[in-house]
Amino acid sequence: MIVLPSVDREQALRYMGMHAAPDETLRTCMDACEQRLLAAAVPRYLHRVCPIHASPEGIRCEGMLLTGADIAAHLHGCDRVILFCATLSVGADAAIRAAGAQDVLAGMVTDAMASALTEQLCDAAEQEILSGFPEAYATWRFSPGYGDLPLSLQGELLGVLNAEKRLGVTLSSGGMLIPTKTVTALIGLADAPVPKGRRGCAVCRLSGSCPYRAKGEHCK
Amino acid sequence: MTELQEFLILDGGMGTMLQAQGLAPGAAPELWNTEHPEAVTAVHRAYVEAGADVIYTNTFGCNRLKMAKTGYSVQTLIQAAIRNARAAGAPRVALDIGPIGQMLEPTGTLSFDEAYDIFREQVEAGRDADIYVFETMTDLLEVRAGLLAAKEHGGGKPVFVTMSFEENGRTFTGCCISSMALTLEGLGADAIGVNCSLGPEELVPIVRELCNWTTLPVIVKPNAGLPDPVTNAYHFTPERFAACMEPFVDMGAVIFGGCCGTTPAHIRAAAELLRRKQIVRRHPVIPPAVCTANRTVTVTEPRIIGERINPTGKKRFKQALAEHDTGYILGQAIQQTDAGADILDVNVGSPEIDEVEMMQSTVRAIQGITDVPLQLDTTNAQALEAGLRVYNGKPIVNSVNGEEDSLNTVLPLVKKYGAAVVGLTLDKNGIPKTADGRFAIAKKILDRALAIGIRREDVYIDCLTLTASAEQEGVMETLHALTRVKQELGLRTVLGVSNISFGLPNRELVTRSFLTMALYAGLDLPIINPNTESMTAAVRTYKLLANIDRNAVDFIAHYGSEPAAPAPQKTGTMTLGSAISAGLKAEAASLTRELLTEHDPMDIVEQQLIPALDRAGAGFEKGTLFLPQLISAASAAQAAFEVIRQALPDQSGADRGTIVLATVKGDIHDIGKNIVRVLLENYGYHVIDLGKDVPYEAVADATEKSHAPLVGLSALMTTTLPAMEATIRLLRERCPWCKVVVGGAVLTPEYARQIGADLYARDAMETVEAAKQIFGDQEMPAP
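The following block contains the structure:
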């Protein structure tokens, strides 16, 4: 079980577009929101390790077909993937709704903090999982919807992980992961070092209009 | 269901058994009902031979959503599944129904009515089964939809429900054991229990707690241990599994089966053990209690019912109802729960509105943001039923009285939906003057409630507060009646206390004193304004003095570190403009109040508020001020506007024009849209905020009705952009006059053009600019 005692505030501030030190109003708001969010969120994750096979149509993995050049490049040299799903559970959504009902700022702050907390959960979970593979080399987390890996893979991925029954994660008819503070990802494993690649921008669909890139920065 | 004389034995795992025969992992086992009926029947037969009394059909995921792409209808698969179970010689066949696979509103996008209809289809297709079973459920609201569908369309067949709990004693959605038991027993389930998620050893404390909260037969259907983290396999041998049933027998569970990883061998071993065992009869004493899915509130000590969600005598509240401004009502809910309310009264009756629709949408909205139980307060039976239907948990109904009409209308609804009920001690002759008269009506209400099967613990009596200034001699009669109801009938009591002081000076003192007297007389549920600190303090003090708050834990928590009275809003040299820039809401409101004593409201708006907002907006555009600061400033300005609005004559809010706002269908990310709303309102636009996940038609309906010249749509996900395009298309057809501005993280100006929008807004300030473009940047008209 992963315990997250606090929210990465620097990250949360970036998510809310705050590129300066928070003022008194914002700090007070963040204190209150953090407390309620941590009380409401229940961080959980789930993973499975599966072999992968290259085929002319794409990479085959547990009945799934991973298509597109980006995932192929990402998993180049790997023979297994860790299929991964992590969520803050519905409590985080409830906390965001409750905060927003009271105050628009608190709603946005809680949402940004929950996003930061989700990243923290993913990092901690990834570390925990990889500690079980001390000999292996791992890629970074690649999610459906990155680059040209279709977002429609989401449903199959949840099915293979049995995420509905084991984690309470579902896909809405609009294709959204519910609880909303949920991440699915694939991490490639190999016996030899794999190039880490430039994470993010190179495969990001939003790189053309990204406000961070416009400022010469990038999102973590 | 009558008390079981013998243990009832259910079957074990199906999916894993079929996989052993070649079902591909991830493939739908339900299809085998028609494609490989003999294999399914063989599994059923093995369980019958192992000793199962009840066979679950192979229909766990057999609903219209999960079966949509299989090419089979729900009817075909369910009927085939029942035939397969019968062919195996099943003594009794249970139609197995699992979770829908999508989450209900407000966390997800599936509506309660749609969930109900999905279950209704399954229930109707399964009419040939003997029992209906809902299993592996985690969302109490979804279970309620299913149970109602089975009760209303299942021809009176028994309904079993099992939910899946985690080690923290809650389901994935946070539902707790007591709330499950109170809600499902109230709604008429015939047996309840647990299945899946944990192994039998981890389920021990959960089943123990469940046994304390229900009089129904308890079902235990665990996995064969916990899954291996690497292989996902389950390792309990049949013998170990069977031995684990023993503690459950001792607790009084009577229905047993197996879930993931169990086989006919596990069921055979369990059946053998149970043959040597006797049923242990339980006699649980279930306390009076109400609940939401995530919180149970016992009425074993005084609990505060917040009275503020009620339009009576409140201009602003009536306006909020007329404008369908749920945001305002939610604000009232949060304020009261923060102040210490344990339960919230919900009254949305107002002449100009559709109370039936309003009650239902308000209950949903409040339950989306707080887990405090609700008291549905209405004299309209249809509105009451609409609220009861969607309420997630066990609410209080306020109220029934001694009149025949009321008894005949309200009590059956209370029974059907498993609520608690407030009985008012009045009848067609009015309120009896004496304690005896009111006691007699209380007794009549109790007798009638008991006669239709409502538990004594679920009847709360209100002996009615009369105004001390008008009927001074009646005050003690109320309290005498209350004590008698409590002591002689053994019922819980409820009382709205605020009326006592009407027409008197120093109302707060009178009300607070009466509250303390009533608590001493035996009042359990004071209905008060919890925002008045002295009232909640009186309840806390009473609990301290009456030795309910042991060691003064709660009292000290609230008052132990009290600062020397919270500093009054010291505004000193601060101006309204600087308060807004700093995002100080309370100060902005208080400064506006001061300014109003000397200035015209519209002068304040034009000379102080709007310039301050413009400064914030300009800073944001220049990049010297960031989004959280813009929102803080806008929120502070909103607080100031609220004060100004109250100072203005009725309904004459500043209005630069009407804008319809919505987050499109399928999308539930509404943070950005809410920011846009606040800014637009600050700039004097009348915003009709339709919320999130809004159907295309609802956007067109609202635009048509209001004839709004501008519609703002937001979408955060690439998957919901098609819904944005479809909404725009419908608007073009039905509301050709309107312009559409779109925004959202994944949108670009190019894409906005491509889907037919008129304008693209990168952020909230750009939406204000878009509005100015459409409506013209004229001076704000006098309100």
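Residue numbers (our numbering), protein chains in the order written: chain P, 147 to 366; chain B, -1 to 781.
We treat Cβ as the ideally placed atom computed from N, Cα and C, and that holds for glycine.
Three-state secondary structure assigned by DSSP to residue i
i: B:H684; result: strand
i: B:C60; result: coil
i: B:E165; result: coil
i: P:C231; result: strand
i: B:F5; result: coil
i: B:S176; result: helix
i: P:Y191; result: strand
i: P:C207; result: strand
i: B:P524; result: strand
i: B:K770; result: helix
i: B:Y701; result: In the sequence as displayed, the identity of residue 701 of chain B is Thr instead of Tyr. If DSSP states are grouped into helix, strand and coil, B:T701 belongs with the helices.
i: B:G191; result: strand
i: B:V492; result: strand
i: B:Q19; result: coil
Cα-Cα separation between residue i and residue j, rounded to whole angstroms
i: B:V793; j: P:L234; result: Residue 793 of chain B lies beyond the stretch modelled for chain B, which goes from -1 to 781, so this question has no answer here.
i: B:Q649; j: B:Q317; result: Bear in mind that a pLDDT of 49 at B:Q649, under 50, signals an unreliable position, so the number given afterwards is only what the model happens to contain. Whole-angstrom Cα-Cα distance: 8 angstroms.
i: B:T765; j: P:L150; result: 37 angstroms
i: B:A86; j: B:E723; result: 52 angstroms
i: B:G451; j: B:T290; result: 22 angstroms
i: B:P779; j: B:A586; result: Confidence at B:P779 is low in this model, with a pLDDT of 42, below 50, so its placement is unreliable and the value that follows should be read with caution. The straight-line gap from Cα to Cα measures roughly 23 angstroms.
i: P:A232; j: B:Y694; result: 32 angstroms
i: B:D336; j: B:P236; result: 51 angstroms
i: B:H705; j: B:N672; result: 22 angstroms
i: B:G385; j: B:K414; result: 13 angstroms
i: P:I228; j: P:L317; result: 20 angstroms
i: B:L489; j: B:F110; result: 34 angstroms
i: B:F132; j: B:V346; result: 34 angstroms
i: B:I327; j: B:K663; result: 24 angstroms
i: P:L373; j: P:A260; result: It is not possible to answer for residue 373 of chain P, since the shown part of chain P is limited to 147 through 366.
Residue j beta carbon less than 8 angstroms from that of residue i
i: P:M164; j: B:P626; result: yes
i: B:I80; j: B:V72; result: no
i: B:A222; j: B:F239; result: yes
i: P:L192; j: P:R287; result: no
i: P:S298; j: P:V329; result: no
i: B:L411; j: B:P393; result: no
i: B:E140; j: B:L102; result: yes
i: B:L611; j: B:F618; result: no
i: P:A282; j: P:L335; result: yes
i: B:A147; j: B:Y114; result: yes
i: B:T57; j: B:I7; result: no
i: B:R293; j: B:D343; result: no
i: B:T136; j: B:T107; result: no
i: B:V388; j: B:V354; result: no
Cβ neighbour criterion (16 or more within 10 Å) applied to residue i
i: B:L16; result: buried
i: B:I666; result: buried
i: B:V295; result: buried
i: P:Q300; result: buried
i: P:T256; result: buried
i: B:Y130; result: buried
i: B:Y557; result: exposed
i: B:H42; result: buried
i: B:H281; result: exposed
i: B:A468; result: exposed
Any non-hydrogen atom of the ligand COA closer than 7 angstroms to residue i Cβ
i: B:G197; result: In terms of ligand content, the structure shown is empty, and the ligand COA therefore cannot be addressed.
Going along the segment 309 to 323 of chain P in order, which residues come within less than 9 angstroms of chain B, judged by CB to CB distance? The segment 309 to 323 of chain P vs chain B, Cβ under 9 angstroms: E310, K311, R312, L313, G314, V315, T316, L317, S318, S319, G320, G321 and M322.
Any residues in the segment 246 to 261 of chain P with a beta carbon nearer than 8 angstroms to a beta carbon of chain B? Which ones, in chain order? From the segment 246 to 261 of chain P, only G246, A247, Q248, D249, V250, L251, G253, M254, V255 and D257 have a Cβ closer than 8 angstroms to chain B.
Contact list for the segment 236 to 267 of chain B against chain P, Cβ threshold 7 angstroms: Answer in chain order: no residues at all.
Chain-ordered residues of the segment 223 to 246 of chain P with a beta carbon less than 8 angstroms from chain B: S235, V236, G237, D239, A240, I242, R243, A244 and G246
Members of the segment 99 to 112 of chain B near chain P, C-beta cut-off 7 angstroms: For the segment 99 to 112 of chain B, which is checked against every Cβ of chain P, the residues closer than 7 angstroms are G99, Q100, M101, P104, T105, G106 and T107.
Can you list, in chain order, the residues of the segment 206 to 218 of chain P whose Cβ is nearer than 9 angstroms to any Cβ on chain B? E208, G209 and M210
Can you give me, in chain order, the residues of the segment 705 to 728 of chain B that have a beta carbon less than 8 angstroms from any beta carbon in chain P? M715, T716, T717, T718 and A721
Under 9 angstroms (Cβ pairs) to chain P, residues found in the segment 170 to 203 of chain B: F170, T171, G172, C194 and S195
Got a sec: which bits of the segment 627 to 657 of chain B sit with their beta carbon under 8 angstroms from any beta carbon on chain P, in order along the chain? Q627, I629, S630, A632 and S633
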